[in-house]
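Order-wise, the sequence lines are chains Y and V.
Per the working numbering, the very first residue in the first sequence carries number -3; after that it's consecutive.
Per the working numbering, the very first residue in the second sequence carries number 93; after that it's consecutive.
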Amino acid sequence: MYALKDQACIVGVGETAYTRGSGKTDLALMLEASVNAITDAGLSPHDIAGIIPPPLAATSEHFAANLGIEDLRYAVTVHMGGASPITSLQSATMAVACGVAKNVLVPLGWNGYSTMRVRDMGGKKKANGGGGGAPGALANTIGEYYLPYGANVPVQWYAWLATRHKALYGTPDEAMGTIAVTSRKHAQLNDKAYMQGRPLSMEDYLNARWVSKPFRLFDCCLETDGAAAVVVTSPERARDLKHDPVYISGIAEGHPYPADDIPARPDPFKIGLSFATPKALHMAQVDLKDLDFAEIYDCFTYVVLLQLEAIGFCKRGEVGDFARGNRFELDGELPLNTHGGLHSEAHVWGMNHIVEAAHQLRHEAGKRQVKDAQLGLVTGWGDFGDGSLAILRR
Amino acid sequence: MPTETQEYTRPLPKMRGFAGEFYNYCKKHELRFQRCTGCQTWRHVPRDMCAKCSSFDWEWAQSSGKGKLFSWTTAMQPMLPQFADLIPYSPVIIEMEEGVRMLSWLTDVAPEELKLDLPVEVVFDDVTPEVTLPKFKRAG
């Protein structure tokens, strides 16, 4: 359990601009972010020996051919939707710790607005039926059992979790609104954020149109084009590089059971993170109270609330109270999604959450810097509630 | 729910494999789920083996057709054009007496009347000559 603690570090981070209408391919976006991350690390593309691209069309071979990596030693892909970036980071950590590859690149990018909108997911026709746009493990369940009833997109699936949780525990709409409003507030301090210059009040949140009850417009994250990437290497090698390393102190993945069907879960609120959190905390040997900030995967506001409970920041059913007050602000008890998150910075499957955590721990987050940040938590959430969690320290 | 007077245009299951077997029973107006013949555990969605006792032996066992409302969402914005005329509609999760849960629609409950544990029973909607979708109404 301790084997991976502090055995690898993030030494480079890179991003593209976050836009709607990139005019570039997914691969071109990811290569741009990758080169930025490699340069940020003080390395050359030829130094990369492992690549963990997302489950999209561009493969590690495409990356290696473009970056000029003749001896690609490690190439895998994680199939966990938005939980993939952190699980990929776990895989990179293992590759580095075991000596399989010295420097590992983890890129993620897409034209999430221009060509592959989440709202179209699951409805695309395959020759043999629906569910064609959805990730592999989910396509059968969606196509055969959800799609005939008009339930083809995440905003509807996760609403099932939110509806039941709200009905059982009475979570107020304002708790959801707090996530949206706080993210937007933080985005105003972030020049890269798509929603910079467009503040959001609780009144705006509550007055917005419904999408799929109990989700209103601002319960849903952005759809954007863009890419982000990180470079992982060993602590020894990190000493010679440009920036102070960001240590991967604890990291774990988790899968809800069964992962491919939400209705069948005996306990619908036992999500991937419920399994991952104790492992990652144990590995890092830290307590939740030691954390200086948290970047929580925020495809939908309620998904953040469910994760806060699953991580154990508060007891089940108590997140409505937990979300009151200024807890999530930059000077609050638990600064949350300090860059604006998927809600207000950009939707790059949470890779931007990892990049932001690195900026915070390198103390280069500028106006949105959490004072003296030493330890941060980043989560991923994907497909039907797969989870991953990283504890990072400076 | 509006009566379908024209050609049915909404997405349908592909009527092959396990799903084909499930919906073929629906066509006969029978709601059946897989039940392990080793340990009698019910399951849905259909799978090759029993996750409890690892048996590959199972049968399509008849459900009582009775259940209760476990959760729901109400779609207020069409995500697929084929459902646009139905907005608002509510994909619901029904927990059956046998313990399995399935996705469906309620035929006689308005979105604002949805509540946890509402008792319901299955009805069969022959949406095309080939496909019947199980739906639910308030239990009598």
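Ideal Cβ placement from N, Cα and C applies to all residues, glycine included.
Please go through the same chain and pick out, in chain order, the residues whose beta-carbon is closer than 7 Å to the beta-carbon of residue i, but skip the five residues on each side of it.
{"i": "histidine 343 (chain Y)", "result": "Gly108, Cys217, Leu218, Glu219 and Thr220"}
{"i": "valine 366 (chain Y)", "result": "Asp288, Phe289, Leu326, Pro331, Thr334 and Gln356"}
{"i": "alanine 54 (chain Y)", "result": "Asp22, Leu23 and Met26"}
{"i": "alanine 88 (chain Y)", "result": "Ala4, Gly46, Ile48, Val100, Val102 and Val228"}
{"i": "tyrosine 14 (chain Y)", "result": "Lys188, Tyr190, Thr220, Gly222, Glu341 and Ala342"}
{"i": "arginine 205 (chain Y)", "result": "Arg212 and Leu213"}
{"i": "arginine 69 (chain Y)", "result": "Ala45, Gly46, Val96 and Ala97"}
{"i": "alanine 353 (chain Y)", "result": "Glu291, Gly372, Val374 and Leu388"}
With DSSP as the reference, identify every bridge partner of residue i, one or two as the case may be.
{"i": "asparagine 107 (chain Y)", "result": "Y:Asp221"}
{"i": "threonine 229 (chain Y)", "result": "Y:Cys5"}
{"i": "leucine 206 (chain V)", "result": "According to DSSP, which records beta bridges pairwise, leucine 206 (chain V) is partnered with nothing at all."}
{"i": "glycine 246 (chain Y)", "result": "Y:Ile387"}
{"i": "glutamate 213 (chain V)", "result": "V:Lys158 and V:Lys229"}
{"i": "lysine 209 (chain Y)", "result": "V:Thr166"}
{"i": "threonine 224 (chain V)", "result": "V:Asp218"}
{"i": "arginine 235 (chain Y)", "result": "Note: arginine 235 (chain Y) sits in no beta bridge, so no partner."}
{"i": "aspartate 368 (chain Y)", "result": "Per DSSP, none; premise fails for aspartate 368 (chain Y)."}
{"i": "threonine 375 (chain Y)", "result": "Y:Leu385"}
{"i": "valine 100 (chain Y)", "result": "Y:Gly46 and Y:Val228"}
{"i": "cysteine 216 (chain Y)", "result": "Y:Phe296"}
{"i": "cysteine 128 (chain V)", "result": "V:Trp150"}
{"i": "tryptophan 134 (chain V)", "result": "V:Arg127"}
{"i": "threonine 21 (chain Y)", "result": "Note: threonine 21 (chain Y) sits in no beta bridge, so no partner."}
{"i": "phenylalanine 289 (chain Y)", "result": "Y:Gly372"}
Report yes if the C-beta distance between residue i and residue j is below 7 Å; otherwise report no.
{"i": "tyrosine 243 (chain Y)", "j": "cysteine 5 (chain Y)", "result": "yes"}
{"i": "glycine 38 (chain Y)", "j": "lysine 238 (chain Y)", "result": "yes"}
{"i": "alanine 167 (chain V)", "j": "serine 208 (chain Y)", "result": "yes"}
{"i": "threonine 137 (chain Y)", "j": "proline 210 (chain Y)", "result": "no"}
{"i": "methionine 198 (chain Y)", "j": "valine 226 (chain Y)", "result": "no"}
{"i": "methionine 76 (chain Y)", "j": "glycine 378 (chain Y)", "result": "yes"}
{"i": "cysteine 118 (chain V)", "j": "glycine 130 (chain V)", "result": "no"}
{"i": "lysine 275 (chain Y)", "j": "alanine 306 (chain Y)", "result": "no"}
{"i": "phenylalanine 296 (chain Y)", "j": "aspartate 368 (chain Y)", "result": "no"}
{"i": "serine 147 (chain V)", "j": "phenylalanine 125 (chain V)", "result": "no"}
{"i": "leucine 157 (chain Y)", "j": "proline 264 (chain Y)", "result": "yes"}
Spatial neighbours of residue i within its chain, please: CB distance less than 6 Å, with the 5 preceding and 5 following residues excluded, ordered by chain position.
{"i": "glycine 393 (chain Y)", "result": "Because chain Y spans -3 through 390 in this model, residue 393 (chain Y) falls outside it and cannot be assessed."}
{"i": "glycine 316 (chain Y)", "result": "Thr167, Pro168 and Ala171"}
{"i": "valine 201 (chain V)", "result": "none"}
{"i": "glycine 381 (chain Y)", "result": "Pro252, Ile267 and Gly268"}
{"i": "glycine 125 (chain Y)", "result": "The pLDDT assigned to glycine 125 (chain Y) is 43, lower than 50, so where the model puts this residue is not dependable, and the model offers no usable value."}
{"i": "threonine 12 (chain Y)", "result": "Leu25, Glu28, Ala29, Gly222 and Ala223"}
{"i": "glutamine 169 (chain V)", "result": "none"}
{"i": "valine 74 (chain Y)", "result": "Ser80, Thr83 and Ser84"}
{"i": "tryptophan 197 (chain V)", "result": "Lys227"}
{"i": "alanine 71 (chain Y)", "result": "Ile47 and Ser56"}
List the residues of chain V that residue i touches, going by C-beta distances under 7 Å, in chain order.
{"i": "threonine 159 (chain Y)", "result": "Ser163, Trp164 and Thr165"}
{"i": "threonine 273 (chain Y)", "result": "Simply none; closest approach about 24 Å."}
{"i": "alanine 155 (chain Y)", "result": "Thr165"}
{"i": "arginine 115 (chain Y)", "result": "Met171"}
{"i": "glutamine 281 (chain Y)", "result": "Chain V residues near glutamine 281 (chain Y): none, gap ~34 Å exceeds 7 Å."}
{"i": "alanine 163 (chain Y)", "result": "Leu208"}
Sorted by chain position, which residues of the same chain lie with C-beta nearer than 8 Å to residue i's C-beta, five sequence neighbours on each side aside?
{"i": "threonine 220 (chain V)", "result": "Tyr100 and Leu104"}
{"i": "threonine 199 (chain V)", "result": "Met93, Val215, Asp217, Lys227, Phe228 and Lys229"}
{"i": "threonine 35 (chain Y)", "result": "Gly8 and Gly10"}
{"i": "lysine 1 (chain Y)", "result": "Ser245, Gly246, Met279, Ala280 and Gln281"}
By the criterion of Cβ-Cβ separation under 7 Å, what are the contact partners of residue i in chain Y?
{"i": "tryptophan 197 (chain V)", "result": "Tyr145"}
{"i": "phenylalanine 175 (chain V)", "result": "Gly146"}
{"i": "valine 137 (chain V)", "result": "Thr137, Tyr141, Asp257 and Ala260"}
{"i": "alanine 111 (chain V)", "result": "Glu140"}
Using the beta-carbon of each residue, which ones in chain V are nearer than 8 Å to residue i?
{"i": "lysine 285 (chain Y)", "result": "The premise fails here: lysine 285 (chain Y) is roughly 33 Å from chain V at the closest Cβ pair, so nothing lies under 8 Å."}
{"i": "valine 374 (chain Y)", "result": "Here the premise fails: no neighbours, minimum Cβ distance about 28 Å."}
{"i": "valine 92 (chain Y)", "result": "Result: empty, since nearest Cβ-Cβ is about 35 Å, beyond 8 Å."}
{"i": "valine 149 (chain Y)", "result": "Met171"}
I want to verify the contact list: residues of chain Y whose CB lies under 8 Å from the CB of residue i, in sequence order.
{"i": "glutamine 169 (chain V)", "result": "Arg205, Trp206, Val207 and Ser208"}
{"i": "leucine 225 (chain V)", "result": "Pro144 and Tyr145"}
{"i": "arginine 102 (chain V)", "result": "Pro144 and Gly146"}
{"i": "methionine 194 (chain V)", "result": "Tyr141 and Pro259"}
What does residue i touch in chain Y if you count any residue whose Cβ is under 9 Å from its own?
{"i": "tyrosine 181 (chain V)", "result": "Tyr145 and Gly146"}
{"i": "leucine 178 (chain V)", "result": "Gly146"}
{"i": "leucine 210 (chain V)", "result": "Neighbours of leucine 210 (chain V) on chain Y: none; closest Cβ ~11 Å, over 9 Å."}
Do the stretch 89 to 98 of chain Y and the stretch 351 to 358 of chain Y make contact, defined as three or more Cβ pairs closer than 8 Å?
In short, these stretches do not touch, since the Cβ pair count stays below three.
Would you call the stretch 25 to 34 of chain Y and the stretch 99 to 108 of chain Y touching, i.e. three or more CB-CB distances under 8 Å?
-> yes
- Examine the Cβ distances between the stretch 161 to 177 of chain Y and the stretch 141 to 150 of chain Y and report whether three or more of them are shorter than 8 Å. no
Open item on the list: With three or more C-beta pairs closer than 8 Å as the rule, is the stretch 151 to 165 of chain V touching the stretch 200 to 211 of chain V?
Closed with: yes
Hey, is the stretch 54 to 68 of chain Y in contact with the stretch 34 to 45 of chain Y, meaning 3+ C-beta pairs nearer than 8 Å? yes
Below 8 Å, how does it come out for the stretch 178 to 193 of chain V and the stretch 132 to 139 of chain V: are there three or more Cβ pairs, yes or no?
yes
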